[in-house]
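> Residue numbers (this note's numbering): 11 to 195.
Virtual Cβ for every residue (Gly too), placed ideally from N, Cα, C.
Please read all numbers here as calculations on a predicted model, not as lab measurements.
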Amino acid sequence: MSVPGAIRRNIKAPEPQWTSAKQDSSIGGTRYSRSHAARAAEVAGAIIAYQPLNSELSGVLVKEQDRVIIGVNSAHPKTRQRFTIAHELGHLVLKHKGEVFVDRTVLRRDGKSSQAVDKQEIEANGFAAALLMPQALVLERLEYRQNEKPTIAPKELIELLAKDFGVSAEAMGYRLANLGIFMPA
Ligand SMILES: [Zn+2]
Numbered sequence: 011m012s013v014p015g016a017i018r019r020n021i022k023a024p025e026p027q028w029t030s031a032k033q034d035s036s037i038g039g040t041r042y043s044r045s046h047a048a049r050a051a052e053v054a055g056a057i058i059a060y061q062p063l064n065s066e067l068s069g070v071l072v073k074e075q076d077r078v079i080i081g082v083n084s085a086h087p088k089t090r091q092r093f094t095i096a097h098e099l100g101h102l103v104l105k106h107k108g109e110v111f112v113d114r115t116v117l118r119r120d121g122k123s124s125q126a127v128d129k130q131e132i133e134a135n136g137f138a139a140a141l142l143m144p145q146a147l148v149l150e151r152l153e154y155r156q157n158e159k160p161t162i163a164p165k166e167l168i169e170l171l172a173k174d175f176g177v178s179a180e181a182m183g184y185r186l187a188n189l190g191i192f193m194p195a
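(1) Please state whether DSSP places Asp113 in a helix, a strand or coil.
(2) What is the DSSP secondary structure of Val177, reduced to helix, strand or coil?
(3) Where DSSP assigns a beta bridge to Gln61, which residues make up the other side?
(4) In whole angstroms, what is the alpha-carbon distance linking Glu158 and Arg151?
(5) For the alpha helix (DSSP H) that contains Gly108, what are its first and last residues?
(6) I'd like to check one pair, Ala48 with Ile79: are the Cβ atoms closer than 8 Å?
(7) With a 10 Å radius around its C-beta and 16 neighbouring C-beta atoms as the bar for buried, classify Ala54 as buried or exposed.
(8) Quick check: is any heavy atom of ligand 1 less than 7 Å from the C-beta of Ala179?
(9) Tell me whether the stretch 70–85 and the stretch 165–176 touch, counting them as touching only if at least three CB pairs, one residue from each stretch, are closer than 8 Å.
(10) Just how far apart, CA to CA, sit Thr89 and Leu142?
(11) Taking Gly136 as part of the alpha helix (DSSP H), name the residues at either end of that continuous run.
(12) Near Leu186, which residues of its chain fall below 6 Å by C-beta distance, leaving aside the five closest residues on each side in sequence?
(13) Closest to Ala56 by C-alpha separation, out of Val148, Leu99, Arg155 and Ile162, would be which residue?
(14) Taking the beta carbon of Asn64 as the centre, do at least 16 other beta carbons fall within 10 Å, making it buried, or is it exposed?
(15) Give me the Cα-Cα distance between Gly69 and Thr161, rounded to the nearest whole angstrom.
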């Protein structure tokens, strides 16, 4: 799979207009540098770069000889960006085959990601879900929210939990379904 030319050029260029999380933190810190997923990616040795990209592109992972770059579409909602970083980190940590991974957000008619049928993509999504929404913490928070409001409707509960974990309601819905708690709406 090839990287669109513009992205490739930007990644290859020395310090292009990407904004790295580290640069951000030096000017007072941003939500990105505090992001759980971003920290994990940096610990794993990846450089995280943010740039507004075409809306259908969520992120890329580029493994070069001496560095690994995770490119994130900064035009997407923060929740989406976090998931993208965690997903790309999944490709890296799970040692998926390939040097360049390009992840798109295009949905098929059945609502699944166009790449959700690919084994490596499914694994990367699973990794991201587990990293951002650890089972034990989700179950603990779920119980807390239910005790707080026993009559809470599933939709509201999912939205609250999504906020608690900084993910989209859709991602939380899938996570809960995978944990055997709810079926996605
Ligand atoms: Zn992917």
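On the basis of the coordinates in this document:
(1) Assignment of Asp113 by DSSP, reduced to helix, strand and coil, places it in the strand class.
(2) Val177: coil per DSSP, three-state reduction.
(3) Asn83
(4) 10 Å
(5) Where Gly108 is concerned, there is no enclosing alpha helix (DSSP H), given that its DSSP letter is neither H nor E.
(6) no
(7) exposed
(8) no
(9) no
(10) 10 Å
(11) Lys129 to Leu142 is the extent of the alpha helix (DSSP H) around Gly136.
(12) Phe192
(13) Leu99
(14) exposed
(15) 39 Å
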